[in-house]
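Numbering (the working numbering), first residue to last: 9 to 333. Idealized CB from N, CA, C, for every residue including glycine. All values reported here derive from a predicted model rather than from experimental measurement. Only one structure is covered here, and it is reproduced in the block below.
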């Protein structure tokens with residue numbers, strides 16, 4: 009995380025926060041400005057935001073404020089949103105109404121290039137935060153899915169868990185896309201990914217449609233990126249214990265064990281990261297939304313100020329990387 013903050017400070021970006029009236033958001037956004045990580049945009053009632061900023065003793069000059077209810081660009085954003093969604097059941101009236109909601113307004117700011125990234129979800133249910141982003145910013149070119157990534161740091165080891173938040177029962181093709189996009193994201197942390205595709209089976213030990221699906225996902229990912237260190241299907245302990253791989257499966261392509269764990273479905277991934285978070289001394293960072301055209305990250309409800317700052321730094325670095333691509 010310190011590495012990401014240092015990278016972000018070299019190329020600050022404009023970050024929009026749809027929940028701009030929330031104290032945690034204001035505190036985090038002020039720290040982002042003070043630490044030169046990014047330029048914060050707060051959405052909400054301007055009077056309420058100004059009162060909160062004054063109450064906390066901050067200068068209003070640290071923030072750019074927008075009220076979606078009385079915005080100058082609502083017509084432009086509404087027209088563009090209508091153009092995007094008119095064949096997906098959205099009428100012009102509905103587009104005009106939706107764009108005045110902070111989540112939609114913020115997503116359109118990113119879509120239109122008026123902000124570089126969006127951080128939200130502190131007080132919002134995950135689907136209500138991700139839906140506007142998918143409808144506006146959209147999925148990365150050449151891919152069809154987005155996924156949720158958590159960084160799990162335990163006893164000086166760093167793991168990346170996916171998908172933990174989005175795809176309930178992904179197909180083999182979707183699992184392969186998740187693996188490929190997550191591997192790209194992991195490289196952004198200056199970590200070389202070693203991807204394990206997890207199952208209850210080790211390399212064909214159990215012939216079942218669920219394990220065969222994971223095996224097929226490995227084959228698809230290898231075809232699309234032959235240079236990626238990826239293997240499976242394999243059990244979780246096989247993936248993370250180098251001696252098991254070395255002694256029992258020496259043919260495996262994960263020298264030293266995996267650092268990226270791709271779960272076969274959402275139940276497994278979500279349960280795993282929550283158990284680590286609650287039952288161990290692991291540091292858990294996320295979720296990081298992977299596979300979007302531009303950075304949009306959804307906070308856990310009740311995230312801390314530090315969580316928000318860290319996610320902002322990650323988003324800034326991602327925005328820089330995508331702009332250079």
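Are the C-beta atoms of residue i and some chain C residue less than 9 Å apart?
i           : result
residue 261 : The structure shown contains no chain C; it holds only a single protein chain.
How long is the line joining the alpha carbons of residue i and residue j, rounded to whole angstroms?
i           : j           : result
residue 202 : residue 236 : 8 Å
residue 138 : residue 131 : 13 Å
residue 106 : residue 17  : 34 Å
residue 303 : residue 263 : 31 Å
residue 254 : residue 210 : 14 Å
residue 31  : residue 159 : 26 Å
residue 110 : residue 128 : 10 Å
residue 288 : residue 165 : 13 Å
residue 187 : residue 58  : 43 Å
residue 70  : residue 100 : 35 Å
residue 15  : residue 325 : 6 Å
residue 252 : residue 318 : 34 Å
residue 119 : residue 104 : 16 Å
residue 66  : residue 204 : 46 Å
residue 271 : residue 280 : 9 Å
residue 323 : residue 219 : 34 Å
For residue i, I'd like the list of residues in its chain whose CB is within less than 7 Å of its CB, leaving aside the five on either flank, ordered along the chain.
i           : result
residue 256 : none
residue 195 : 201
residue 249 : 265
residue 140 : 111, 112 and 115
residue 54  : 73 and 75
So is residue i buried or exposed if we call it buried at 16+ other beta carbons inside 10 Å?
i           : result
residue 283 : exposed
residue 56  : exposed
residue 193 : buried
residue 240 : buried
residue 74  : buried
residue 60  : buried
residue 216 : exposed
residue 97  : exposed
residue 183 : buried
residue 114 : buried
residue 310 : exposed
residue 258 : exposed
residue 238 : buried
What is the DSSP secondary structure of residue i, counted as helix, strand or coil?
i           : result
residue 159 : strand
residue 125 : strand
residue 317 : helix
residue 253 : helix
residue 259 : coil
residue 74  : strand
residue 12  : helix
residue 174 : coil
residue 130 : coil
residue 186 : helix
residue 50  : strand
residue 37  : helix
residue 211 : coil
residue 237 : strand
residue 120 : coil
residue 196 : coil
residue 107 : coil
Return yes when the Cβ of residue j is within less than 9 Å of the Cβ of residue i, no when it is not.
i           : j           : result
residue 299 : residue 200 : no
residue 294 : residue 157 : yes
residue 244 : residue 269 : yes
residue 172 : residue 278 : yes
residue 247 : residue 206 : yes
residue 112 : residue 76  : yes
residue 85  : residue 116 : yes
residue 33  : residue 25  : yes
residue 290 : residue 176 : no
residue 39  : residue 313 : yes
residue 224 : residue 180 : yes
Which residues in the same chain have their Cβ closer than 6 Å to the Cβ of residue i, if we skip the five residues on either side of it in sequence?
i           : result
residue 316 : 36
residue 301 : 145, 146 and 148
residue 321 : 12, 13, 16 and 45
residue 124 : 21, 22 and 327
residue 285 : 292
What residues in its chain sit with their C-beta under 8 Å from that of residue i, if we drop five residues either side in the sequence?
i           : result
residue 198 : 11
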